[in-house]
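Asker:
Numbering (my numbering), first residue to last: 6 to 221.
1. Helix, strand or coil for residue 154 per DSSP?
2. Check whether the stretch 137 to 155 touches the stretch 65 to 74, counting contact only when three or more Cβ pairs, one atom from each stretch, lie closer than 8 Å.
3. Taking the alpha-carbon positions, what's the residue 128 to residue 157 distance?
4. Could you pull out every residue in the same chain whose Cβ sits closer than 6 Å to the Cβ of residue 211, ignoring the five residues on either side in sequence?
5. So who's on the other strand from residue 89, going by DSSP bridges?
6. For the alpha helix (DSSP H) containing residue 67, list its first residue and its last residue.
7. In whole angstroms, what separates the C-alpha of residue 104 from that of residue 162?
8. By Cβ distance below 7 Å, which residues in the same chain neighbour residue 200 in space, the five residues on each side in sequence not counted?
9. Taking just the CA atoms, how far does residue 166 sit from residue 123?
10. Measuring alpha carbon to alpha carbon, tell me which residue in 41, 125 and 90 is nearest residue 75.
11. Under 9 Å between C-beta atoms, does residue 91 make it to chain B?
12. Go to residue 94, then tell me how far its alpha helix (DSSP H) extends in each direction, as first and last residue.
Pasting the structure below:
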């Protein structure tokens with residue numbers, strides 16, 4: 006039996022704290038964190054982050070240089086027991102020495118983006134994004150625990166719909182079971198970031214977005 010409030014909820018049977026799709030007892034892998042504010046949001050909601058691993062492609066030094074609140078968020082995560090790993094490439098993350106023996110109940114990639122190389126609507130840019138997602142799905146499949154889920158939060162309008170992430174996931178053995186509308190206010194403290202270029206610390210308009218939920 007669950008007792009669920011608007012954002013943070015308590016599962017009466019297990020004593021689990023929930024925030025939307027995630028609970029404290031889930032083993033959670035966060036991929037491609039920007040300033041680690043999403044990880045910090047979950048950790049604070051749970052009151053503990055000992056089951057969480059949060060990763061970034063950036064090195065720790067570069068991360069702190071790019072994002073104004075990165076240091077604050079990383080310190081909060083450390084205090085709550087979260088493992089943070091830097092320099093993790095989604096294409097090969099299952100081979101990382103700190104990850105290759107782990108399985109997760111939730112593998113989460115929020116607003117994946119391969120960088121601003123061409124215009125978003127250019128087919129060359131879409132293919133670069135698709136290459137990123139192929140690598141991510143291939144690795145996530147091998148890191149998913151039984152009954153686990155892969156979550157990709159993504160804009161649903163054009164040109165982002167042209168990535169065809171449902172088809173890409175299917176090619177790597179993952180099937181879509183739910184497309185849940187995403188509302189950033191459900192995650193207090195989360196600040197989405199551009200992540201690349203001279204405006205890397207700036208947010209962007211989320212607009213119509215969904216969390217796409219995949220299973221094996």
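Glycine included, each C-beta is placed from N, C-alpha and C at the ideal position.
Answerer: Answer, in terms of the structure:
1. strand
2. no
3. 21 Å
4. 189
5. 59
6. 65 to 71
7. 33 Å
8. Because residue 200 sits at a pLDDT of 47, beneath the cut-off of 50, its placement in the model cannot be relied upon, and the following sentence gives the value as read from the coordinates. Counting only Cβ-Cβ distances below 7 Å, and skipping sequence neighbours, we find 39 and 118.
9. 17 Å
10. 41
11. Of the protein chains in the structure, only one exists, and it is not chain B.
12. Taken as a continuous stretch (DSSP letters only), residue 94 belongs to no alpha helix (DSSP H), as it is neither H nor E.
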